[in-house]
Each structure stands twice: as structure tokens, then as C-alpha cells.
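Here the structure comes first, spelled out in C-alpha cells, and everything after it is commentary.
2 protein chains.
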Amino acid sequence: MNASMSGKSASKKIVNPLDDMVGYQLRRASVAMFDDLATALVDLDLRPTAASILLLVGANPGITQSAIGRVLEIERANMAPQAAMLTKRDLVARSASDGRSQGLRLTALGKTIVTKVRARIAVHEQRFIAEFSEAEKAALLRALKSVWQD
Amino acid sequence: MNASMSGKSASKKIVNPLDDMVGYQLRRASVAMFDDLATALVDLDLRPTAASILLLVGANPGITQSAIGRVLEIERANMAPQAAMLTKRDLVARSASDGRSQGLRLTALGKTIVTKVRARIAVHEQRFIAEFSEAEKAALLRALKSVWQD
DNA sequence: TATTGTTATACTCTATAACTATA
DNA sequence: TATAGTTATAGAGTATAACAATA
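For the record, the sequence lines run as chains A and B. Here the first sequence stands for residues 7 to 156, where the numbers follow this note's numbering. Here the second sequence stands for residues 7 to 156, where the numbers follow this note's numbering.
Structure representation (C-alpha cells):
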């Protein structure tokens, strides 16, 4: 122990065995980005989940609630209030699909909001990956997909 | 559109704009690993959070609840029931530190359990990163830390 | 029989506020 | 004044079960 470590006010270095665990680091990184996104969307009165649903409807006009749930892994039971909220706020409209399901589409208002959502997300993502090269970003995305896909 | 795409049973390909978003891919990967870890620990009757506390106490005998909370970003109020549970189960013991705080240490039982926890985590991590080279794993950890640290 | 959408509900995780005791 | 630990509680997010209507 060197001189700067002596005395009662020595900085007690904490050993963190979670430091080199992929699962833990993934969780911390995920929570950090999720919280930042929530903050970035707060004035649009959208949670990250609702924003992701809008993006999916925007890219797939006529998609059903159940299909959205399957893609985003949101239970049907939890999709119902989300779809109801987005419809009530006139961001999404329902069009008859078959007797038991309805296709969802963005309304005009929904389209203007989703454009804002895309811009917020772009800025949000840049806050975290600004110093990554394109190759590094691609490698990261590939690694992340391999963790949860297949 | 080619022949295989014609007809009413054509596979409707869903476009997923979240596919190349780091934040979303992080979340999916994080949830996948978290759920797998929870399953891997279920017969030890430990949740991932409790396991992480045990690892931290094991690596830092005498650490206080508050210090653990600062490292793992767990509120003091949420550390209390965790510490109480681990103490009640005789995995952790409290030793007087100063009048308002107590250092935590693993008991003999706690040491045997934390050894099992480490083994479970090692297998669990391997399930996800078995095909990563050491360089790829290091690059991933570096990228994840840069996302949430500083 | 299986699927869609819905409601109700329970469970977990996390955040905030308030309090006591000690530094 | 600030910190440690505790309790109570509120708010999200998510999971399960049950039901009606339709395929």
C-alpha cells in the first residue's frame, strides 16, 4: 500500500465482480438508454413502448394488435390498453380487417407525431453511439441480435 | 412480386424499424439474458438482484448496504428488505461498523451458495457468448460500459 | 378448435416520503 | 447537517385467467 492509501480517509476501492459480466453490463446499458429515451419522449406524452408501437404501425399500415404484440413481445392483454390509448388520442385509426381483428393505421396526426418520434430517437441514439464507427455500431447490433434471436 | 408471393396466403413480411436501433436491441438482449439468469437461479431461490448482492458482499467483506446500493444503483429503501432476507436466510451476517451502519459478510452457508451462484452465472453467460472470440467479448463489454458509464 | 380483442387482477420492481438513530 | 437503515406506499410494467365474438 502506498502513502496515498494510508490514513483513515484512504479511498476504499470496491471490487465489482459484475464488471466483466455481459448480462449485467447489458442491463445497465439498457436501463440507461431506456431512461434517456423516456426523458426524450416525455413532452410528447409517450412512453418508449407506445413510441415503438407507433413506429411499427407507421412501417406496416394495417397491422393488427396481435401481430404487433408478437413482434415486440407484448402480451395481447397489454396491447389492448395501448391500442385504445393511441386510438383515443387520434394517433392511430382502426380499419376493419376481418370480423375479429382490425388493422391499425396512423392518422394524419399520428404521422406528424411519429416523425417527431423518429427525430427524437435519432438524437437519443447519437448521444450514446456518437463515438462509435459504423463498423463498431454494426458489430454491436450483430452481437446484440445474436444474444436474443434464434 | 414473384410467384411465391402471390395468393392470399402470401407471407406478409413485417417491416421492423426497431431492428437497427441500439436502444431497442439492447433491451431485447438484456431481457433475454435476465430471464435466463432468473431461470438458472430459481432452484437456489435467488433473484438476479439478490445474487448480485451476494457477489458484491463476497468480493467486499464488510461493505455496507448503502455502499452496495450505490454500486448497483439500488435505492437504500429497496436494499433494506434484500439485506433482511439474506440475513434471515443466514447467507449474510451483519457486523457492527459504526453506530448507524453495519458491514455485511458472507456466512459459511453464504460462501457455499455464492460459489454455486458463480458457477450458474458462468454457464449462463456461456450460453450467450459461446461463439464470441475473446476480442469480440472484450469489444462488447467496452461498448456496453461506454453506454452507461461516465 | 383456434384466434382476436377485452377486462380484471396479481405480482414484481422501483421510487418517494417520512421517520429514528447516529456521525 | 448529512448519512444509515427502516417502513409504508404508490406507480410502472408484465403475466395469467376468463370471456365474447369470429375464423
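Glycine residues also receive a C-beta, built at the ideal position from the N, C-alpha and C atoms.
Min CB distance residue i to chain A below 7 Å
{"i": "residue 34 (chain B)", "result": "yes"}
{"i": "residue 135 (chain B)", "result": "yes"}
{"i": "residue 131 (chain B)", "result": "yes"}
{"i": "residue 139 (chain B)", "result": "no"}
Cβ-based neighbour list, residue i, same chain, cut-off 6 Å, excluding 5 preceding and 5 following
{"i": "residue 119 (chain A)", "result": "97"}
{"i": "residue 99 (chain A)", "result": "111, 113"}
{"i": "residue 1 (chain B)", "result": "Absent from the model: residue 1 (chain B). The displayed extent of chain B is 7 to 156, so no value can be given."}
{"i": "residue 64 (chain A)", "result": "112, 120"}
{"i": "residue 43 (chain B)", "result": "54, 130"}
Exposed unless 16 or more other CB atoms sit within 10 angstroms - verdict on residue i
{"i": "residue 131 (chain A)", "result": "buried"}
{"i": "residue 54 (chain A)", "result": "buried"}
{"i": "residue 58 (chain B)", "result": "buried"}
{"i": "residue 61 (chain A)", "result": "buried"}
{"i": "residue 9 (chain B)", "result": "With a pLDDT of only 39 at residue 9 (chain B), under the threshold of 50, the placement of this residue in the model should not be trusted; the figure read from the coordinates follows. With fewer than 16 Cβ atoms within 10 Å of its Cβ, residue 9 (chain B) is classed as exposed."}
{"i": "residue 115 (chain B)", "result": "exposed"}
{"i": "residue 48 (chain A)", "result": "exposed"}
is_contact[residue i, chain B] using C-beta, thresh 7 Å
{"i": "residue 114 (chain A)", "result": "no"}
{"i": "residue 1 (chain A)", "result": "Any answer about residue 1 (chain A) is impossible in this case: the structure gives chain A only from 7 up to 156."}
Neighbouring residues, chain A, relative to residue i (Cβ below 9 Å)
{"i": "residue 142 (chain B)", "result": "145, 149"}
{"i": "residue 77 (chain B)", "result": "20, 22, 24"}
{"i": "residue 99 (chain B)", "result": "Near residue 99 (chain B) there are no residues of chain A at all, since even the closest Cβ is about 19 Å away, more than 9 Å."}
{"i": "residue 73 (chain B)", "result": "18, 20"}
Beta-carbon neighbours of residue i, restricted to chain B and to distances below 8 Å
{"i": "residue 66 (chain A)", "result": "20, 21"}
Contacting residues, own chain, Cβ-Cβ under 8 Å from residue i (five flanking each side not counted)
{"i": "residue 91 (chain A)", "result": "56"}
{"i": "residue 77 (chain B)", "result": "62"}
{"i": "residue 87 (chain B)", "result": "none"}
{"i": "residue 147 (chain A)", "result": "none"}
Neighbouring residues, chain A, relative to residue i (Cβ below 8 Å)
{"i": "residue 127 (chain B)", "result": "27, 29"}
{"i": "residue 69 (chain B)", "result": "20"}
field: Residues from the segment 28-61 of chain B in contact with chain A, defined by Cβ distance under 9 Å
entry: 28, 29, 30, 31, 32, 33, 34, 35, 36, 37, 38, 39, 40, 42, 43, 54, 58, 61
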